[in-house]
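Since the structure comes first, as structure tokens, the remarks are kept for the end.
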Amino acid sequence: MLQVTDLHVTVEDKEILKGLTLTINAGEVHAIMGPNGAGKSTLSAVIAGKDGYEVTQGSITFEGQDVLEMEIEERAQAGLLLGFQYPVEIPGVKNIYLLKSALNAQRKAQGLDDIPAPDFMKLVKEKLGFMKMDASFLQRAVNEGFSGGEKKRNEILQMLVLQPKLAMLDEIDSGLDIDAMKVVADGVNSLRAEERAILLVTHYQRLLDYIVPDKVHVLVDGRIVKTGDAELAKQLEANGYEGIEESAA
Ligand code: ADP
Ligand code: MG
Ligand code: MG
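Residue numbers (the numbering used here): 3 to 251.
Spelled out as structure tokens, the structure:
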């Protein structure tokens, strides 16, 4: 589904990704772990198409298409979505309006008509219930005054409504208490499907007790230095990243 090959990325003249290669197949959950500043967020941002990153070498393909040739909206409509690609507060834009326009944009790209209003309400209410969110969230401006935990739930809600083919989630566990993390993890687990892949970026192993990944990659200084299964995350928790860096060197 996703093939990243020898990716080099520069931000403000500084090389952040230094030859990163990664393959994600449909049906798989991958976790990217690594120390602060390793380039984890840069990787998901470049795949999603955020501004400010210069790809100097390498390639990214998604279902055989050249991702680097696609605009950010085209990537989202192709089913490649970074959780809260729009995490900023959008005063005056109701959450429900953002969800509906994003869904309809995706449907339009697939040649479908807008979703009928009653169907949309039914879909959103079901997903809200799943995320244990109150319906009043829909009427609030996007992320305005949301707590950290509410923003994360809202991010997963967006994924549940849009059902992307590749869902990328960056640090969805940060700042969550244990109950909120379980709800968020349940939401992510409900996205697991044969035709979908999930890329989780996380600094800590804790989340991976609840969302058990098929593959774990350790990203250090712009490169993947080790790949393993869920067991690797447990080793990292016990031993930290330093041993990994030494063994990679
Ligand atoms: P991680 O998510 O692994 O903590 P990031 O991808 O956020 O790492 O950052 C990797 C490196 O790139 C860091 O040194 C960070 O300071 C730098 N960086 C990321 N974004 C920018 C930016 N917009 N401007 C300047 N430096 C940046
Ligand atoms: Mg960081
Ligand atoms: Mg980060």
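Ideal Cβ placement from N, Cα and C applies to all residues, glycine included.
Taking C-beta atoms under 8 Å as the contact rule, Ile174 and Gly242 fail to qualify, at a distance of about 22 Å.
Secondary structure at Phe132: helix, using DSSP grouped into helix, strand and coil. With respect to the 8 Å criterion, Pro166 and Ala33 are not classified as neighbours on the basis of their beta carbons. Distances taken from the Cβ of Asp231 to the heavy atoms of ligand 3 include none shorter than 7 Å.
Closest in alpha carbon position to Lys52, among Met35, Gly39, Glu71, is Glu71. Look at the segment 100-186 and you find these whole runs of beta strand (DSSP E), each 3 residues long or longer: 168-172. Taking each of Val203, Phe122, Leu114, Ala240 in turn and checking the Cα distance to Lys102, the smallest one comes out for Phe122.
Set against 7 Å, the gap from the CB of Gly36 to the closest heavy atom of ligand 1 is smaller.
Every alpha helix (DSSP H) of 4 residues or more that sits fully in the segment 36-86 is shown, in chain order, as 42-50, 74-79.
Residue state for Asp223 is assigned as coil, using DSSP reduced to three classes. Under DSSP, the beta-bridge partners assigned to His32 are Leu201, Lys217. Remark: the shortest separation between the CB of Asp172 and any heavy atom of ligand 3 falls under 7 Å. At a Cβ-Cβ threshold of 8 Å, Val144 and Asp172 do not count as neighbours. Assignment of Glu233 by DSSP, reduced to helix, strand and coil, places it in the helix class.
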